[in-house]
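Numbering (this note's numbering), first residue to last: 968 to 1019.
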């Protein structure tokens, strides 16, 4: 079983840069984006409990 580590700000920047085919230096960190990535519910049950 592989444990997924939480993403750091730099790893998010690299992931976004790869998706947009740009240099990681061209991606400015956006706190809202980072928080959404970390806090989004990962399962339907988590989404239901967050909106209940």
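All C-beta atoms in this analysis are idealised placements derived from N, C-alpha and C, irrespective of residue type, glycine included.
* Look at the alpha carbon of residue 986 and the alpha carbon of residue 980, and state the distance between them as a whole number of angstroms. => 10 Å
* If residue 984 sits next to residue 978, beta carbons under 8 Å apart, how far is it from one beta carbon to the other, in whole angstroms? -> 11 Å between Cβ atoms; not a contact.
* Excluding the 5 residues preceding and the 5 following residue 1011 in the sequence, name in chain order all residues of the same chain whose CB lies nearer than 6 Å to its CB. => none
* Where residue 990 sits in the DSSP three-state scheme -> coil
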